[in-house]
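Going by the numbering used here, 855 is the number at position 381 of the sequence shown; the sequence numbering is gapless.
Every residue gets a Cβ at the ideal spot worked out from N, C-alpha and C, and that includes glycine.
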Amino acid sequence: MADRPVRPKDRFLVFGSPMIEEAEINEVTDSLRKGWLGTGPKVAQFEDAFRAYKGAPHAVALSSCTAALHLSMLAADLKPGDEVITTAMTFCSSVNAIIHAGATPVLVDVDSRTMNVDPARIEMKITPKTRALLPVHFAGRPCDMDAICDIAARHNLLLIEDCAHAIEAEYKGQKTGLFGDFGCFSFYVTKNIITGEGGMVLTRREEDASNIKVLALHGMSKDAWKRFKDEGFVHYYVVSAGYKYNMMDLQAAIGIHQLKRIDQYWKKRKAIWRRYDEAFADLPVDRPAEPEPDTRHAYHLYTILVDEKKTGMERDAFLDALHGHNIGAGVHYMSIPEHPFYRDTFGWKLDDYPNAVSIGRRTVSLPLSAKLSNDDVEDVIEAVRLILQR
Ligand SMILES: *Cc1c(COP(=O)(O)O)cnc(C)c1O
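Put into structure tokens, the structure is as follows:
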């Protein structure tokens, strides 16, 4: 039987489509009218606001979370041969950043329930070359930070948190991104708040923040940033071969207003997450685990696991069927060792990461954006139920 579109609107529901409001549009227009597009006062304002929101000592806005991860590891002075431990269930950029920093990525399998890196398995991968841990708060669920901080302290390891999913997350009252040396955030279009492309790094030490600023702007001495203020002619000196990772005022213009609504958007996503959870309780799919007590989940992704043995349908067929109902979904993610480059380069074997591989082959992320209307949410629910009850 052909799939009959159930959405009343003849409109494809784009996965991860962001909420953009008038204030952002006006602020971007203001930048355009003033003619100041690049790094300037709005970037400084966004950094201040983000630092205040997180209660962080130092914040540097960058062009992406990937840049934030890369520069954190450069500021930490990782050397070739140093090993950085991360999770097998993450976006490729967590791993690529380690490679770009000249270090060697070491993967650890996840806990099948939380989908976060399993601390017991981290211990088994530590060698004399291990220099850093790079946990990812997957889908917005904070990792087991007591165990991870304990491992980092006992083995004297740097701690770099990938908070791309987890701006709002907290673990036992402490905000994510502040547990270790560096916390890296993304404002990519599908993330919880957005600047289009964009990222932020929080650092504990002033020196790390200032090194990152230099590296983010061609390796020009710190004074070069004054060129972005109205202070007359300023010479700069290049002190290292840096990168082009600065954020633009056009991006910060969006972020300043998004950040004001971060809790409003969080509450909306939480309500949708809860609604899905109740609507799918009787279906033959695994739903996300309940958030752990004494934590704050950032509700970035709502993932179901479509297992052919339980549903009679493969994950990819389910994705196609959803598409047939005019609903866009995501896959977060195919596990890292599934990608040929990493397998070929590091010799990673699928059998060594059974939980991540199994999740990666079954997972589907349903739309979970603050932009969704109640009708959109009910359309998603109706489509999922129709597909799985056939
Ligand atoms: C999106 C994402 C990144 C990269 O963020 P960008 O800002 O696009 O560079 C890194 N890690 C995870 C887990 C992500 O989801």
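Are residue i and residue j close, meaning C-beta to C-beta below 7 angstroms?
i: H806; j: S839; result: yes
i: R628; j: D556; result: no
i: V780; j: V675; result: no
i: L536; j: M787; result: no
i: Y827; j: D583; result: yes
i: D636; j: S546; result: no
i: R748; j: F754; result: no
i: A562; j: S832; result: no
i: I559; j: V580; result: yes
i: I861; j: A803; result: no
i: P758; j: F489; result: no
i: V663; j: I746; result: no
i: A449; j: R770; result: Outside the shown range of the chain (475 to 864) lies residue 449, about which nothing can therefore be said.
i: Y750; j: Y719; result: no
For residue i, is the classification buried or exposed, using 16 other Cβ atoms within 10 angstroms of its Cβ as the cut-off for buried?
i: R615; result: buried
i: E705; result: exposed
i: I445; result: Examination of residue 445 is not possible in this model, given that the chain is present from 475 through 864 alone.
i: T677; result: buried
i: G647; result: exposed
i: V858; result: buried
i: T601; result: exposed
i: A594; result: exposed
i: M475; result: For M475, the pLDDT reaches just 42, beneath the cut-off of 50, and the residue's location in the model is therefore unreliable, although a value from the coordinates is still provided. M475 comes out exposed.
i: S505; result: buried
i: T513; result: buried
i: M619; result: buried
i: T819; result: exposed
i: E521; result: buried
i: G576; result: exposed
Can you list, in chain order, the residues of its chain with a C-beta nearer than 8 angstroms to that of residue i? Leave out the 5 residues immediately preceding and following it.
i: A626; result: L607, L632, L633 and G654
i: I427; result: What the structure shows of the chain is the stretch from 475 to 864, and residue 427 is not part of that stretch, so it cannot be assessed.
i: F527; result: Reading off the sequence shown, one finds Tyr at residue 527, where the question assumed Phe. Cβ neighbours of Y527 beyond the five flanking positions: L733 and I736.
i: K700; result: V708
i: T564; result: V610, F612, D636, Y807 and I810
i: K603; result: G555, D556, E557 and T578
i: G716; result: V688, L689, A690, L691, H692, G693 and M694
i: D790; result: none
i: H532; result: R525, L676, T677, R678, R679, E680, D682 and A683
i: S847; result: none
i: K696; result: S684, K687 and V688
Under 7 angstroms Cβ to Cβ from residue i, same chain only, skipping five residues before and after it: list those, please.
i: V502; result: L724, A727 and I728
i: A763; result: R587 and T588
i: V712; result: H692, G693 and M694
i: D592; result: V582, D583, V584 and D585
i: A518; result: none
i: C617; result: N590, V591, P609 and H611
i: R743; result: Y773, L842 and A844
Can you pull the DSSP bridge partners for residue i?
i: C658; result: D636 and V675
i: I778; result: V838
i: V712; result: M694
i: N720; result: L536
i: N760; result: According to the sequence as given, residue 760 is Asp; it is not Asn. Its beta-bridge partners are L779.
i: T604; result: E557
i: L581; result: T560
i: L487; result: I801
i: R770; result: E644
i: V591; result: V584
Please list, in chain order, all residues of the same chain as residue i whose beta carbon is under 6 angstroms from its beta carbon, the five residues on each side excluded.
i: M493; result: A844 and K845
i: A638; result: C539 and S660
i: A571; result: T540, L543 and H544
i: I801; result: L487, V854 and A857
i: A497; result: H731
i: N685; result: A549
i: D768; result: K646
Is there at least one Cβ from chain B nearer than 7 angstroms to residue i's Cβ?
i: R628; result: No chain B is present in this structure, which holds just one protein chain.
Quick one: which unbroken alpha helix (DSSP H) runs of 4-plus residues sit fully inside the segment 787-857? Chain order, please. 789-798, 814-820 and 828-836
| If you scan the segment 491-578 from start to end, which runs of the beta strand (DSSP E) of 3 or more residues do you find wholly inside it? | The segment 491-578 contains these whole beta strand (DSSP E) runs: 532-536 and 557-561.
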